[in-house]
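In my numbering, the protein residues as written are 203 to 338. We put the CB at the ideal spot given by N, CA and C, even for glycine. Reading through the structure tokens given below for one structure.
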Amino acid sequence: TDAEGTVYTGYFENNQPHGEGTLKNTDETHFEGTFVNGKKHGVGKLTLENGDVFESVFEHGVSSETVKLNRKDGNVFVGCFVEGVLKGSAECATPNGTVYRGSFVDFQLHGAGKEICPDGNVYEGEFNMGVRHGPK
């Protein structure tokens with residue numbers, strides 16, 4: 203436990219987290235994964251207080267650009283996240299089996315994209331904040 207109340211459970215080397223471990227913050231977020239010399243390194247999961255789970259590969263404490271986000275609502279996003287915000291091209295799979303591919307803004311398909319429905323129907327075109335925008 204450090205001065206801010208963060209609790210680390212796992213392996214240590216040279217008085218730093220090193221190996222498999224869990225880091226729990228006072229705000230109820232926690233990280234499970236591998237640490238090297240006190241930094242996140244390798245595959246890890248960050249669980250937020252709202253239940254959303256980010257999965258990524260870390261190198262020297264920095265997350266890779268491609269991140270998988272399992273949202274509490276069942277939607278799964280794979281794409282580039284910057285400070286927890288989805289940026290640019292990504293893919294979203296919904297609990298009902300619909301898959302969206304394209305550009306996202308605020309977790310909504312926006313701009314050019316593709317919607318693939320479980321029944322095989324496909325819409326490819328423009329979207330405006332998650333709504334088809336263009337010829338049907």
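Classification of residue i by the beta-carbon crowding that lies within 10 angstroms, buried from 16 upward
i, result
"PHE214", "exposed"
"GLU251", "exposed"
"THR236", "buried"
"PRO320", "exposed"
"VAL269", "buried"
"HIS243", "buried"
"PRO297", "exposed"
"ALA292", "buried"
Simplified DSSP assignment, three categories, for residue i
i, result
"CYS294", "strand"
"LEU225", "strand"
"ARG273", "coil"
"GLU167", "As displayed, the chain neither begins before 203 nor continues past 338, which places residue 167 out of reach and without an answer."
"HIS220", "strand"
"HIS335", "coil"
"GLY207", "coil"
Delimiting residues of the beta strand (DSSP E) encompassing residue i
i, result
"HIS312", "310-318"
"LEU250", "Element bounds for LEU250: n/a, residue is neither H nor E."
"GLY304", "301-307"
"HIS262", "First-last for HIS262: undefined, no H or E at that position."
"HIS232", "232-238"
"GLY281", "278-284"
"GLY327", "324-330"
Distance between beta carbons of residue j and residue i, contact taken as under 8 Å
i, j, result
"PHE260", "LEU271", "Actually they are not in contact, since the Cβ atoms of PHE260 and LEU271 sit about 15 Å apart, beyond 8 Å."
"PHE283", "LYS289", "7 Å"
"PHE279", "PHE309", "7 Å"
"PHE306", "GLY281", "7 Å"
"THR228", "THR208", "7 Å"
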